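Chains B and R supply the protein sequences, listed in that same order.
Here the numbering used here is used: the first sequence runs in plain steps of one and ends on residue 323.
Here the numbering used here is used: the second sequence runs in plain steps of one and ends on residue 323.
Backbone N, C-alpha and C define an ideal beta-carbon position, used for all residues, glycine too.
Model, not experiment: these values are computed from the prediction.
Number of protein chains: 2
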Amino acid sequence: MIDKSNYLGVLENFPKQCREALALPKGGVISGEITSIVVCGMGGSAIGGDLLKTYLSSTNIPVFVNRDYSIPNFVDNYTLVFVVSYSGNTEETISAYKEAVEKKANVVAITSGGKLAGLCKKVIKIPSGLQPRAAIGYLFFPMLGLLHNSGIVNVTNNELNETLVTLKDTETFKNKAQELIKKIRGKTPIIYASNQLEPVAYRLRTQINENAKLPALHHVFPEQNHNEINAFANMSRNDFVVLMIRDEHYNERIKKRMDICRDIMERNVDVVEIHTKGNFLLARIFYAIYLVDFISYYLAIDNRVDPTPVGVIEQLKQELRR
Amino acid sequence: MIDKSNYLGVLENFPKQCREALALPKGGVISGEITSIVVCGMGGSAIGGDLLKTYLSSTNIPVFVNRDYSIPNFVDNYTLVFVVSYSGNTEETISAYKEAVEKKANVVAITSGGKLAGLCKKVIKIPSGLQPRAAIGYLFFPMLGLLHNSGIVNVTNNELNETLVTLKDTETFKNKAQELIKKIRGKTPIIYASNQLEPVAYRLRTQINENAKLPALHHVFPEQNHNEINAFANMSRNDFVVLMIRDEHYNERIKKRMDICRDIMERNVDVVEIHTKGNFLLARIFYAIYLVDFISYYLAIDNRVDPTPVGVIEQLKQELRR
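Here it is in structure tokens:
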């Protein structure tokens, strides 16, 4: 038995997690005017910030995701800073939190506990006991709920319903993922999406790293057309495989670019397409996130490694304490 | 003779290009108040925007680099939008330009000609006849000069002098690069830097793609510690090699993380360090950019490909016109 900590069970519970997470702000609202949002976090705790940036791209509020010890200099009392650390003890995020307080930003922490829960005045507490990357529902939906309560975005019941209904059919996700990994196994995946869906590509890359303990690359269209496309002439289908995250709502020119590049890349490397599903952006994002999470899970099982433990990260943390 | 278009000659002329580029705004200033800067561009024309973002990180002006058909929704008449296209005909950048005008942004184009030169009212004209990626001096320094003239940043003579003096010793760069490629050849490079120097890592990745026509990955510290570090257990030193861009001015914790990770990664993969040189950030950025450009050049020669032509990109552009 490789899946010692029941990673699959946690994945199967994901739709329930999202529903619960939405209710966690409990009617809380943000006080004061907000002109920009900064999400501070690392790894699995930061990806919810990327999803928020994509979700808010149709508004006029800029969102910055900050994966570092320091925060940007422009942060001031008009900046809403979400400080996100699943454990509450991530050293980069605590350092960023302190800078945000110094700059008198409007700070809200999202954490299961740790130092951060003790330091920050406004905390949305989320359940503990998961790997951060398995808690993406808890790490994303409370931000969305709080922004909705505060009138900064209007999350409709229709989009929420579609999202939760989309996630319900766990068996279909499992079957699709198991089919897909047959085409990926033994090769280094090169993952592409549009800029808007880059968080899905990055999620798949990092989930492959953490769950399957394997390398992966990602890049975005149309930027890839200006550099990486040149590298395929010297790649082999034994070494690499391309995974394209495709979405019906992409700009028509990006769709055309993807079609043309598929033909160019297929001369040297196999190309596998992953299509999103759903009418609302929120549903399409979470459909894709859920599917790529299953892909990384089955890649781990296929690679005969337990997806849950990340021993190297624990070792690194220990050595940093010295 | 592989270097048919004399790419090496263009590289050797780079210090001269930077000096010339600084004078191109010719005393021009930006009118009106500016609260944020957006740089629109693709590929070799966008990287100057990344460098500007790094350079301005100590100010309170947020910089966004936009590699897409659309621009962010928050752009308004307080946004300075640099529209950068070496040829002046990049379709994504022209589309972004039109959106910026609709949003009444403060638009300045940097181009050698093309459609953009005809469309835009404020143009900083740069010399034509180069590959965009070889024109990074022309594509970056005019932005810096204009911001300096307008009192938005203060570029000192000391930092300019150090930058230009640093670039002067072309032979040393050539020798260093030739030494370095002996350790890289035949493997897929994984390039790391801090967030601040990510543009250098991305530059090396894309220059390897365009000049040597080879694949490469990049990622940043400390984020890498939360995901990609797990992948090394399943990597082989026959397939991959790590290149770390190091800088004495990195946060001490990031330096420590790099030291610890070097040991972890070296169990499976060779690690090569590239150290920046210089006191001023501007000098260190351009030292690193110049060195990695030579690395990609010698990798091309080593891979027996002409660094200049990018046939696949030309083919892609043709098919997009159909």
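{"Query": "Go ahead and label Thr-173 (chain R) buried or exposed: buried means 16 or more other beta carbons lie within 10 angstroms of its beta carbon, across all protein chains shown.", "Result": "exposed"}
{"Query": "Taking Cβ positions only, does Ile-314 (chain R) come closer than 8 Å to chain B?", "Result": "yes"}
{"Query": "Taking DSSP as the reference, what is the three-state secondary structure of Asp-307 (chain B)?", "Result": "coil"}
{"Query": "With 8 Å set as the bound, which would you pick, yes or no: does the beta-carbon of Arg-285 (chain B) sit closer than that to a beta-carbon of chain R?", "Result": "no"}
{"Query": "Over the uninterrupted beta strand (DSSP E) stretch that includes Val-76 (chain R), give me the two end residues.", "Result": "Element bounds for Val-76 (chain R): n/a, residue is neither H nor E."}
{"Query": "Expressed to the nearest angstrom, what Euclidean distance is found between the alpha-carbon atoms of Lys-27 (chain R) and Pro-143 (chain R)?", "Result": "9 Å"}
{"Query": "On the DSSP bridge list, what partners appear for Ser-37 (chain B)?", "Result": "B:Thr-80"}
{"Query": "Out of curiosity, what's the CA-to-CA distance linking Asp-240 (chain B) and Pro-216 (chain R)?", "Result": "11 Å"}
{"Query": "Using a Cβ-Cβ cutoff of less than 6 Å, which residues in the same chain neighbour Leu-283 (chain B) once the five nearest sequence positions on both sides are dropped?", "Result": "Glu-160 and Thr-164"}
{"Query": "Grab me the residues of Val-30 (chain R)'s own chain with a C-beta within less than 6 Å of its C-beta, minus the 5 sequence neighbours each way, in chain order.", "Result": "Asn-150 and Ser-151"}
{"Query": "State the CB to CB distance for the pair Thr-94 (chain R) and Cys-41 (chain R), rounded to an integer number of angstroms; the pair is presumed to be in contact (CB under 8 Å).", "Result": "6 Å"}
{"Query": "For Tyr-139 (chain B), I'd like the list of residues in its chain whose CB is within less than 7 Å of its CB, leaving aside the five on either flank, ordered along the chain.", "Result": "Gln-18, Ala-22, Ile-127 and Pro-128"}
{"Query": "Check whether the region 266–275 of chain B and the region 232–252 of chain B touch, using three or more Cβ-Cβ pairs below 8 Å as the test.", "Result": "yes"}
{"Query": "Distance, Cα to Cα, Arg-204 (chain R) vs Val-293 (chain R)?", "Result": "8 Å"}
{"Query": "Go ahead and label Arg-285 (chain R) buried or exposed: buried means 16 or more other beta carbons lie within 10 angstroms of its beta carbon, across all protein chains shown.", "Result": "buried"}
{"Query": "Below 8 Å, how does it come out for the region 297–305 of chain R and the region 174–183 of chain R: are there three or more Cβ pairs, yes or no?", "Result": "yes"}
{"Query": "Is Tyr-70 (chain B) close to chain R, meaning its C-beta is less than 8 Å from at least one C-beta of that chain?", "Result": "yes"}
{"Query": "Do Val-108 (chain B) and Tyr-98 (chain B) count as a contact pair if the criterion is CB distance below 8 Å?", "Result": "yes"}
{"Query": "CB-CB under 7 Å to Glu-34 (chain B), same chain, minus the five flanking residues each way: which ones, in chain order?", "Result": "Tyr-79"}
{"Query": "For chain B, check one thing: does any of its Cβ atoms lie closer than 8 Å to the Cβ of Phe-83 (chain R)?", "Result": "no"}
{"Query": "With Gly-110 (chain R) as the anchor, note down where its beta strand (DSSP E) starts and where it stops.", "Result": "Reading off the sequence shown, one finds Ala at residue 110 (chain R), where the question assumed Gly. Taken as a continuous stretch (DSSP letters only), the beta strand (DSSP E) holding Ala-110 (chain R) covers 107–112."}
{"Query": "Could you give the DSSP three-state label for Phe-174 (chain B): helix, strand or coil?", "Result": "helix"}
{"Query": "Express the C-alpha separation of Ile-182 (chain R) and Ala-101 (chain B) in angstroms, rounding to a whole number.", "Result": "42 Å"}
{"Query": "List, in chain order, every chain B residue whose beta-carbon is nearer than 8 Å to that of Ala-234 (chain R).", "Result": "Lys-214 and Val-313"}
{"Query": "Under a three-way DSSP split, which group does Tyr-70 (chain R) fall into?", "Result": "coil"}
{"Query": "Report, in whole angstroms, the separation of the C-beta atoms of Met-43 (chain R) and Glu-224 (chain B), which I expect to be a contact under 8 Å.", "Result": "6 Å"}
{"Query": "Mapping DSSP to helix, strand and coil, what is Asp-240 (chain B)?", "Result": "coil"}
{"Query": "By alpha-carbon positions, which one of B:Leu-25, B:Leu-52, B:Pro-63 and B:Ala-24 ends up nearest to Val-39 (chain B)?", "Result": "B:Pro-63"}
{"Query": "In chain order, what residues of the same chain have a beta carbon less than 7 Å from the beta carbon of Gly-89 (chain B), not counting five sequence neighbours either side?", "Result": "Thr-112, Ser-113, Gly-114, Gly-115, Lys-116, Leu-117 and Ala-118"}
{"Query": "Kindly indicate which three-state DSSP category Lys-1 (chain B) falls into: helix, strand or coil?", "Result": "The requested residue 1 (chain B) is not part of the displayed model; chain B covers only 2 to 323."}
{"Query": "Among all the DSSP beta bridges, which residues are the ones paired with Thr-189 (chain B)?", "Result": "B:Phe-241"}
{"Query": "Alpha carbon to alpha carbon, how far is Tyr-291 (chain R) from Leu-168 (chain R)? Give it in angstroms, no decimals.", "Result": "7 Å"}
{"Query": "From Asn-158 (chain R) to Pro-73 (chain R), what does the alpha carbon distance come to, in whole angstroms?", "Result": "35 Å"}
{"Query": "Could you check the C-alpha separation between Leu-131 (chain R) and Phe-15 (chain R) for me, to the nearest Å?", "Result": "12 Å"}
{"Query": "Could you name the residues of chain B that Cys-121 (chain R) contacts, counting a contact when the two beta carbons are closer than 8 Å?", "Result": "Correct list: empty, because the minimum Cβ distance to chain B is about 21 Å."}
{"Query": "Give the secondary structure of Lys-32 (chain B) by DSSP, where H, G and I count as helix, E and B as strand, and everything else as coil.", "Result": "For clarity, residue 32 (chain B) is Ser in the given sequence; the question names Lys instead. Coil."}
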